[in-house]
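A short worksheet on the structure shown next.
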Amino acid sequence: MLRSVPLREAAGRYAGRILQGGGSIPILQAAHKLGGVMKRLTWILAVPMLLSMLVRAQNSPPREGEAHNGSEQDRMLFPRDAFWGWAQFDLAPPHNEIDPNICAGNAGQYGGVNAPCSMFARYMLSAILEVRPFGRGPLRRFMVFGAPAFLFGKNIPQTLYTWSFDAIGIEHSWGAAVYMGKGFEFRVTQHFLFDRLGARDRNLGPADQGNNGPWGRYMTVGVRKSFGTRRW
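Numbering-wise (my numbering), the sequence shown opens with residue -6 and increments by one.
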């Protein structure tokens, strides 16, 4: 006669068998594979959602203040309003350096002013570029975008402060979006690991924390709401 086994007891027995058989590595491998599957599944789900929103946006009548499907005078590819964006240059004064989280805060303990891990930025050049390549039809509501930030400097907290313009690296992301109406956008964003530049594209000693940067690598699916009117 079959005997029902409580779920907790069954899980305990299974975990015990894995530990006795040295099965911790297969568990980690399975978790890694699951993460890859989930990421691919997210992209698979995101693409149909983008397409369905394009169709829905085409079928819904435009209202005052909303993006329309373009006039016949607009070019189909790269119309006059295809590109929009901004660029910004920032200077961080001494003792307020930008930290991309590449070097540990105590980097000065590993060589003083000559410590190799001096990737704390004095200057930052950042930008956002949005490209709406289609001028007519439902694809007019589609866009791709990129957001890079270039860091420069050679500084170590509490140890070394310079005005050097040595290249540090790039923190960047890109993605795609569809305008849904009433100021709402459906967005898919991919953020990348920090890319080092020049001679700093190597391990810089015990204070080096790797290339995860401030955010690491991630992918998100989200909705943005825009509101108000800019004064200029």
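No residue lacks a Cβ here, since even glycine has one placed at the ideal position from N, Cα and C.
Nearest residue (CA-CA) to residue i, options the options
{"i": "Gln102", "options": "Leu190, Ile95, Gly198 and Arg193", "result": "Gly198"}
{"i": "Gly203", "options": "Pro87, Val216 and Cys110", "result": "Cys110"}
{"i": "Asp83", "options": "Trp167, Ala142 and Arg195", "result": "Ala142"}
{"i": "Gly100", "options": "Phe187, Pro150, Phe179 and Ser166", "result": "The question names Gly, yet the displayed sequence has Ala at residue 100. Of the candidates Phe187, Pro150, Phe179 and Ser166, the one whose C-alpha sits nearest the C-alpha of Ala100 is Pro150."}
{"i": "Met136", "options": "Asn205, Tyr211, Ala75 and Gly206", "result": "Ala75"}
{"i": "Val214", "options": "Arg223, Ala169, Asp188 and Arg224", "result": "Ala169"}
{"i": "Arg193", "options": "Arg224, Trp79, Gly209 and Cys96", "result": "Cys96"}
{"i": "Leu70", "options": "Trp225, Met112, Asn89 and Pro126", "result": "Pro126"}
{"i": "Arg195", "options": "Met212, Gly98, Met112 and Val181", "result": "Met112"}
Segment limits, beta strand (DSSP E) that includes residue i
{"i": "Gln183", "result": "Phe177 to His184"}
{"i": "Phe138", "result": "Phe135 to Phe145"}
{"i": "Trp167", "result": "Ala160 to Gly174"}
{"i": "Arg217", "result": "Tyr211 to Lys218"}
Own chain partners of residue i with C-beta closer than 8 Å, once the 5 adjacent residues on each side are dropped
{"i": "Gly176", "result": "Lys218, Ser219 and Phe220"}
{"i": "Val106", "result": "Ile149, Thr152 and Leu153"}
{"i": "Arg223", "result": "none"}
{"i": "Asn226", "result": "Nothing in the structure corresponds to residue 226, since the chain is present only between -6 and 225."}
Contact set for residue i: own chain, Cβ-Cβ below 6 Å, skip 5 residues either direction
{"i": "Pro72", "result": "Gly128"}
{"i": "Gln81", "result": "Ser119"}
{"i": "Ala85", "result": "Ile91 and Arg115"}
{"i": "Glu178", "result": "Ala170, Tyr172 and Arg217"}
{"i": "Leu122", "result": "Gly78 and Gly139"}
{"i": "Arg189", "result": "Gly162"}
{"i": "Ala108", "result": "Ala100, Gly101 and Ile149"}
{"i": "Asp201", "result": "Cys110"}
{"i": "Val181", "result": "Ala39, Gly168, Ala169 and Val214"}
{"i": "Gly98", "result": "Pro150"}
{"i": "Gly191", "result": "Ala160"}
7 Å Cβ shell around residue i - same chain, five flanking residues per side excluded
{"i": "Thr226", "result": "What the structure shows of the chain is the stretch from -6 to 225, and residue 226 is not part of that stretch, so it cannot be assessed."}
{"i": "Phe145", "result": "Ala114, Arg115, Tyr116, Phe158, Asp159, Ala160 and Ile161"}
{"i": "Phe185", "result": "His165, Ser166 and Arg210"}
{"i": "Pro207", "result": "Pro93, Asn94 and Glu164"}
Bridge-paired residues (DSSP) for residue i
{"i": "Asp194", "result": "Answer by DSSP bridge pairing: none, since Asp194 is not bridged."}
{"i": "Arg189", "result": "Gly162"}
{"i": "Leu153", "result": "Ile149"}
**Ordered list of beta strand (DSSP E) runs contained in the stretch 60 to 128, each at least 3 residues** = Entirely contained in the stretch 60 to 128, the beta strand (DSSP E) runs reaching 3 residues are, in chain order, 76 to 84 and 116 to 124.
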